[in-house]
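Sequential numbering of the sequence shown, starting at 135, is according to the numbering used here.
Just so it is clear, CB atoms sit at the ideal spot from N, CA and C, and this is done for glycine as well.
Since the structure is predicted, the reported quantities are computational estimates derived from the model, not experimental observations.
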Amino acid sequence: MSHPFLLTLTRKTVVSTHELLATLPKAAGGDLKNQLQRASASVALNLAEASGRHGRDRRRFLDFAMGSARETREGLSLLAALGCLDAAQVVALDRQWDRVCAVLYRVMRG
Numbered sequence: 135m136s137h138p139f140l141l142t143l144t145r146k147t148v149v150s151t152h153e154l155l156a157t158l159p160k161a162a163g164g165d166l167k168n169q170l171q172r173a174s175a176s177v178a179l180n181l182a183e184a185s186g187r188h189g190r191d192r193r194r195f196l197d198f199a200m201g202s203a204r205e206t207r208e209g210l211s212l213l214a215a216l217g218c219l220d221a222a223q224v225v226a227l228d229r230q231w232d233r234v235c236a237v238l239y240r241v242m243r244g
């Protein structure tokens, strides 16, 4: 079963994440920046993969998506705590990720 709203919401949030990460100075958060770019993109990619699957296989990709979303949220918080990203911007972006996780949770339960 496909969830276009969730995929669209996730895509927008991934773009916002990449835009914020692009503001990092080159010397700041290098490896973590790359990891967060991959993790955030992985959320959307795993949702797309899940849309063509059923049963346990589908659930596995939804679990991967949730794990990557949580990884992204924690990484952004860590970069803010380290002073590499503006805390207010991270809080605003975290609200978007919270919405993605909430909708994803409902999809996983439903």
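Residue i in three-state terms, based on DSSP
| i | result |
| --- | --- |
| H188 | coil |
| K146 | helix |
| A162 | coil |
| H152 | helix |
| D220 | coil |
Close-in-space but distant-in-sequence residues of the same chain around residue i (CB under 7 Å, 5 per side omitted)
| i | result |
| --- | --- |
| T227 | The amino acid occupying residue 227 in the given sequence is Leu; Thr does not appear at that position. The residues are S150, T151, L154, L210. |
| Q223 | L154 |
Anticipated Cβ contact below 8 Å, residue i with residue j, distance rounded
| i | j | result |
| --- | --- | --- |
| L213 | G163 | 5 Å |
| A178 | T144 | 5 Å |
Under 9 Å between C-beta atoms of residue i and residue j
| i | j | result |
| --- | --- | --- |
| L170 | L238 | no |
| W231 | T147 | yes |
| A182 | R192 | no |
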